[in-house]
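Below is one structure, written out as structure tokens; comments come after it.
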Amino acid sequence: MSPAPRAVGDIEGIDARTGLRLLADLVDEVVWLDHCPAVSASFQPAPAWLRHEPVSAWQPVPAPPPDRPPCPPDPRRVCVSFAPEHGDNARTWARMHGYRLLAPDAGVTAWAADKISATRLFAEAGVPVPPFLVIPATGREPAQAYWSGRWQRAVAQRAANNLLGRGTVLVDGPSDLRACLDAWPDEPVKLSRFAAGISLTVTACAGPDRTVVSAVSHQLVGLPELGACWGAHCGNQLVGPDDLPEGLYEQARAAAYQVGEVLRGRGFRGVLGLDLVEDGGRLRAVEVNPRFQTVVSLVQAAEGAAGLLPSMGLHVLSFLLDALPTAAAGRLPADIRPSQLVVHARTDAVVRRPPPTGRYRRHGGAVTGPLHGPPVVSRLADDEALWWAVARSGPVTAGQELALVQFPRPVAELRPRPHLRPGASAWIAALARGAQEDDGNAEAEPAPLPPLRLDERRMREAGRHAVELVIDRMTTPGSRPPCHAPSPDALRARLDEPLPEYGTHDLPGLLDHVTERALAEATRLDHPRCFAFVPSTGNFPAVLADALASAYLSVPGAWLVGAGPTRIELTTLRWLKTFLGLPDGHGGLFVSGGSTANLTCLAVARDHRLDGRPQPDARLYCSSQAHPSVAQAAHLVGLTREQLTVLPPDDDLRLDADALAERIGRDRRAGLRPFAVVATLGTTGTGAVDPLDRVADVCEEEDLWLHVDGAHGAAVAGTVRGHSLRGALGRADSLTVDPHKWLFQPYEIGCVLLRRPELLPETFGVARHALDQGYLRPAHPAAPACEEVNLSDYGPQQSRGLRALKLWLSLKTFGAAAFRRAIEQGADLAEYAAGLVGAHPELELVTPPSLAILTFRYRPRDASATWDADAAQAHISRRVCAEGGAVLLTTTVRGATVLRMCTINPASTRDDAAYVLDLVVRYGREI
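Residue numbers (my numbering): 2 to 928.
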């Protein structure tokens, strides 16, 4: 079943003049029955035979006088109801006043509206749906039996269509599903895989001889700003073919045609709406609304602008004619993009002083109106809106519609489950002030807030939305290509703007804006196929920890200011020492990362071994494989580049302990002053581990400070495979550890650990550097001074964030054993990948896996003598990143360009590693 050919971007209908002439010949009066006249008001130009009566399922129909008989039916007087199947009021009114109710067959309507039987309708129409199963009303298995491990999220729906959205619930796991099944006993439940794409609604009309497909709109669902629950309909905004990804508009219209034809074949007549969701570039049907929807008022504005008969007229003709007039196609004008929002009651409450229905104008936070002029959305100026009051003064229940608000322009970004643009939120806030929701116990206006404060409701809304954004991010690690680096010009165009002198009411919208336009515009390090750098993955408890620490302004600096945060940091330091197997006497503090940790440790080494003064004859030693931050730290502590002795590595790319000892001896004989050595536990290029015990022997023999840069690799000491490193780590004078690497914390958190932690305040103590003793040493009643710990004396920062809390909360949530397993898993994956490399005739292993890092090259079996291997690896890396859905970068080993994999992400699988290696071979063969 295929739709008739039509031009891309057209909206279909019948010519307006033809349709209006037919209607004038067929009817004397058409009455729109609904609590809101928005649909009849948008029928433009307004015909004399159309009027509105406030009749709906939600309000009682006034009883006629007892001695008045029902009016005889008049076939030229007809009425149209929003949803006649929701109650008897429309039929009662029609019978009482002698009108013919033009409503589709109740049986077909019920069949189509049922969310479970609708799946059979979609199958018959050939329209795909998200994968689903039906949980029976009786004889149910436990919830776990119905949960698909392949679905990250699901949607549970009751069969009955529920206008308040309470029949649709987002489900994140078996426990959520169990709660749904408990709440919906004795009725079947449809469980579908959650599709995260954009939601669309197509308006169509099933006529006597064909289905006519009109406009497409972006469906806005579950907007918290409007007091709606997750599944509640919150409005629509019209879209054109150029507003959507290529082909999606026509997909939507074709699906509506196919569904309409099936319904028409079963005897259905009239307006219907088809709800669709995008899923991987393909639209899938969600549900049918076999009735009028509020979006028809927007659709009619588009139809009128395109010279077509409005949908309500088409609905009437579908019942009164045997065949519709010749089809006409109209272009949707580019400037016709009206939108509307449905405002819901947030809680059971009392509505007081609702604004009357009408046209309003907003300037800043002030709204004036109702204004003179027709309440027609197509005639609104850009600073105007239509407010259609739905709820009356008095009690309302949570989720109940309060009002419909219409705008001449879109109110939200064209994206899945968006939040309102600031202007729309300001409209809602301004108009809703006149329709206050309260508990009926207080009439007083709330006290004005101090500067830079939000009211509790707005904070809760924004907070809930922020958490949803976090969860969406963390539950869809592979939802978009990981390598993403937009051009500076593109980001400047999106993000550069003048200083905002005035704010907005739409904090959730700002969160959406910055998330989509800035935060998401970056390489996704936690993607399971990102094998570049030393990728941090983060974890959810750590994210919450950062938010809590910020809210509490936690400063583990001076004990007086942050006693509790300081204790958390000290406890977490002790846990980290235990995890790494360090002696109890070690201590330190958390810093921003490995670079700052290296700087902090070398500053202490300078002060302790060089009397705290620059010494032109001082010498610091490291391998050429050490991290660049070592050279940077040397510079910042006052050493010239000549004072940093960089030694070539041994054959295994490690610091050569014998060459180190020989160079130290030669420098001493030359009158120089060696004072410290930096050894690396896990070089960033190859994961090489310097011979720590042998280097420690040299340092002890020469009385030098030994610093171990274990930013990446130290965490392996917490596992069985790394236990042999513990003794050497205990011998080091200082150690750098980066929990935002192999301990899976979000940025930023590094750690400094010293064998003699009392040396830290000797370098950084406030008393040593204070210019005004009185300010930073206030008198206060507290614990004895000897028991206080002022971590501001232990490092260069006075104002310190509580970085430790994220690691504390992660360890408390998951336990150290889970971290050990995750570290082992990353190392195992590197060994697996190395095995694949070794087994492939076109791949060659350059350095074996070490601390979850391996390097390798592509080389064809028939490579010629002129084969440019370095250029080939660079080409492969570029192709993988640009087109392969992965991130694989190069490094240099012994002067040669090689490909490098770091496999520490616990979400990465063997399939991911194999996929990337297959890409390497595929792109290598293209050269």
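Glycine included, every Cβ here is placed at the ideal spot set by N, Cα and C.
For Trp706, the enclosing beta strand (DSSP E) stretches over residues 706-711. A contact between stretches requires three or more CB pairs, one per stretch, nearer than 8 Å, and the segment 258-278 meets this requirement with the segment 201-210.
Taking a 10 Å sphere around the C-beta of Ser340, we find 16 or more other C-beta atoms and assign the residue as buried. Beyond the five residues adjoining it in sequence on each side, Thr19 comes within less than 6 Å, by CB distance, of Pro326 in the same chain, given in chain order.
Counting C-beta pairs closer than 8 Å gives three or more between the segment 383-398 and the segment 344-357, which meets the contact rule. Here Leu512 has His420, Ala463, His466, Ala467, Leu470 as same chain residues with Cβ atoms under 8 Å from its own Cβ, once five neighbours each way along the sequence are excluded. By the Cβ neighbour-count rule, Lys813 is exposed, with fewer than 16 other Cβ atoms within 10 Å of its own. Nearest to Gln301 by C-alpha distance, out of Leu726, Ser218, Ser319, Gly248, is Ser218. The C-beta distance from Leu192 to Leu201 rounds to 22 Å, too long to fall under 8 Å, and the pair is not in contact.
One thing to note: Leu920 has its Cβ within 8 Å of the Cβ of Gly885. In this chain, the alpha helix (DSSP H) harbouring Leu693 covers 693-703. A distance below 7 Å between beta-carbons, with the five flanking residues on each side excluded, links Arg418 to the following residues of its chain, in chain order: Val222, Gly223. With a threshold of 16 other beta carbon atoms within 10 Å, Glu702 falls short and is exposed. If you ignore the 5 residues before and after Lys578, its C-beta comes within less than 6 Å of the C-beta of His587, all in its own chain and listed in chain order. Every alpha helix (DSSP H) of 4 residues or more that sits fully in the segment 259-308 is shown, in chain order, as 297-306.
Val881 is not a Cβ neighbour of Thr891, given a cutoff of 8 Å. Around the beta-carbon of Arg493, fewer than 16 other beta-carbon atoms lie within 10 Å, marking it exposed. By the CB criterion at 8 Å, Phe532 and Val847 fall outside the cutoff.
Contact check for Pro907 against Thr476 fails: the beta carbons are separated by 8 Å or more. A straight-line Cα-Cα distance of about 16 Å links Asn791 and Val753. For the pair of segments examined, the segment 726-733 was found to touch the segment 689-698: the number of CB pairs separated by less than 8 Å reaches three.
DSSP places Phe745 in the coil class of the three-state scheme, outside both helix and strand. C-alpha of Ala853 to C-alpha of Leu830: approximately 7 Å in a straight line.
Beta-bridge partners of Pro650 (DSSP): Leu656. Membership of Gln874 in the alpha helix (DSSP H) is indicated by the continuous run 870-884. The shortest C-alpha to C-alpha distance from His724 to any of Leu310, His609, Arg821 is the one to Arg821. The residues Ser537, Gly539, Asn540, Ala543, Pro740, Lys807, Leu808, Ser811, in chain order, have a CB closer than 8 Å to that of Gln746 in the same chain once the five nearest residues on each side in sequence are set aside.
Within its own chain, the residues whose Cβ lies closer than 6 Å to the Cβ of His53, once the five positions on either side in sequence are excluded, are Trp33, Pro38, Ser41, listed in chain order. Note on Gln626: 16 or more other CB atoms within 10 angstroms of its CB, so buried under the neighbour-count rule. Taking C-beta atoms as the reference points, Phe580 and Ala817 count as a pair closer than 8 Å. For the set Ala392, Ala606, Ala564, Thr597, the Cα lying nearest the Cα of Asp704 is the one of Ala606. For Gln644, there is no enclosing alpha helix (DSSP H), as DSSP marks it with neither H nor E. In this structure, Thr764 is the residue among Thr764, Val130, Leu844, Thr110 with its C-alpha nearest to the C-alpha of Arg610. Between Gly595 and Asp668, the C-beta gap is not smaller than 8 Å, which leaves the two residues out of contact.
Annotation: the continuous alpha helix (DSSP H) that includes Ile569 extends over 560-581.
For the pair Gly305 and Asp16, the CB atoms are not nearer than the 8 Å cut-off.
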